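Under my numbering, think of the first position of the sequence shown as 1372, with each following residue one higher. Backbone N, C-alpha and C define an ideal beta-carbon position, used for all residues, glycine too. Quantities reported herein were computed from a predicted structural model and do not represent experimental measurements. Notes follow the structure.
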Amino acid sequence: MTSVLVTGASGFAGSHLVDLLTSAGVPVVGWRRRDVDLVDGPAVARALADVRPATVFHCAGSAHVAQSWADPRETLATNVLGTHHLLDGLRKTGVSARVLIPGSSYVYRQSDHALSEDAEIGPASPYALGKLAQEMLGARSVAEDGQQVFITRSFNHIGPRQDPSFAASAFARQIALIEKGGIAPVIEVGNLDAMRDLTDVRDTVRAYQAIVERGRPGIPYNVCSGSAVRIGDLLNELVKLSRVPVEIRIDPARYRPNDIPLLLGNPARLKKDTGWEPAIPLAQTLADLLGYWRTEG
């Protein structure tokens, strides 16, 4: 049976994708950074020649907008060079694979309405710039090499295993620590008025699978719920799940001047082409996220 390759298999989305595929009996090869360094082009080509996958989900990469400002070189090398080496390695080794490149909604210019795939592009961070470059590499491979490359513009996805540098996971981890008496029963926050389109990571990876199976190569797909949630409401729902009282305290020093007020997507193209619909309600996502941190500590 032909195999599926998942890069970034130990990461947030990658690990959930591996779970989804293996639960369906799909043979999966997972690459982690210690296995194959995607910045090393010859190493990538050798590894691809060994695996010869039928499908590649390229989930490896730097995923944090704020951290991309701290180390733009690392972000661009991992996301852009890594993607180039993967696509180039497939071409050089003669491996014909269906490849999914998960991109980001942060390639869009800031807007006050729901964004469709034809909305104006305007990356405003090294992370977003790298994600746009990934898209361009994928589109070039389709046009010049005839490779079957599928592209997403994924909006915020949350759920168990997410790094606590992201807001929802940070809130849930703090509540779990408060419940254990590990920290004071106070969560200090910045701007809670930002609105975000949130999808459970398990629904997100189902979308990735659907796009590879039924999507069209070379065009972007928004992976999103189509509705926006206020971050303050998200926090309030998590606090309601707490087993002990928790105080929310606003700290003006935590406000970020470049925080986007609204990031909302239109998933119509994805739904039309693949039939995908989000299945997990936000309440279940938040309960599972908090449950994860209660176990992990």
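With a threshold of 16 other CB atoms inside 10 Å of the CB of residue i, please say whether the residue is buried or exposed.
i	result
LEU1402	The question names Leu, but residue 1402 is Trp in the sequence shown. When all chains shown are included, TRP1402 counts as buried.
GLY1646	exposed
MET1372	With a pLDDT of only 46 at MET1372, under the threshold of 50, the placement of this residue in the model should not be trusted; the figure read from the coordinates follows. That one is exposed.
TRP1664	buried
ILE1492	exposed
ARG1585	exposed
VAL1389	buried
SER1439	buried
THR1666	exposed
Do you know whose CA, among the options, lies nearest residue i's CA?
i	options	result
VAL1400	ALA1416, PHE1383, ALA1384 and ALA1425	ALA1425
GLY1662	LEU1419, LYS1551 and PRO1556	LYS1551
LEU1657	GLY1553, PRO1556 and ALA1547	ALA1547
THR1454	VAL1375, PRO1398, GLY1379 and GLY1561	GLY1379
ALA1654	ILE1529, LEU1633 and ALA1541	ILE1529
PHE1526	ILE1558, LEU1633 and ALA1437	LEU1633
ASP1421	LEU1376, HIS1387 and ALA1514	LEU1376
GLY1517	SER1482, ARG1469 and ALA1538	ARG1469
ALA1441	SER1496, GLY1589 and ILE1621	SER1496
Return yes when the Cβ of residue j is within less than 8 Å of the Cβ of residue i, no when it is not.
i	j	result
TYR1479	LYS1502	no
PRO1591	GLU1506	yes
TYR1498	THR1446	yes
ASP1568	SER1540	no
THR1523	VAL1410	no
ILE1602	ALA1565	yes
LEU1606	LEU1660	no
GLY1474	CYS1430	no
GLU1618	VAL1520	no
GLY1412	ILE1472	no
THR1570	SER1596	yes
LEU1609	ALA1543	yes
PRO1419	GLY1460	Contrary to the premise, residue 1419 reads as Leu rather than Pro in this sequence. Cβ distance < 8 Å, so LEU1419 and GLY1460 count as in contact.
Return no unless some Cβ of chain D is closer than 8 Å to the Cβ of residue i.
i	result
SER1433	Protein chain content of the structure displayed is limited to a single chain, and chain D is not contained in it.
Could you tell me if the beta carbon of residue i falls within a distance shorter than 7 Å of some heavy atom in the ligand HEM?
i	result
ALA1514	Of ligands this structure carries none, so the ligand HEM is not represented either.
Contained beta strand (DSSP E) runs [length at least 3] in the region 1411-1484, N- to C-terminal order: 1426-1429 and 1469-1475
- prompt: What runs of the alpha helix (DSSP H), each 4 residues or longer, lie entirely inside the region 1486-1557?
  reply: Those alpha helix (DSSP H) runs which fall completely within the region 1486-1557 and span 4+ residues are 1497-1511 and 1538-1550.
message: For the region 1600-1615 against the region 1462-1470, do three or more pairs of beta-carbon atoms, one drawn from each stretch, fall closer than 8 Å, so that the two count as touching?
response: no
Every unbroken beta strand (DSSP E) within the region 1589-1642, with a cutoff of 3 residues, ordered by chain: Listed in chain order, they are 1591-1594, 1599-1601 and 1618-1621.
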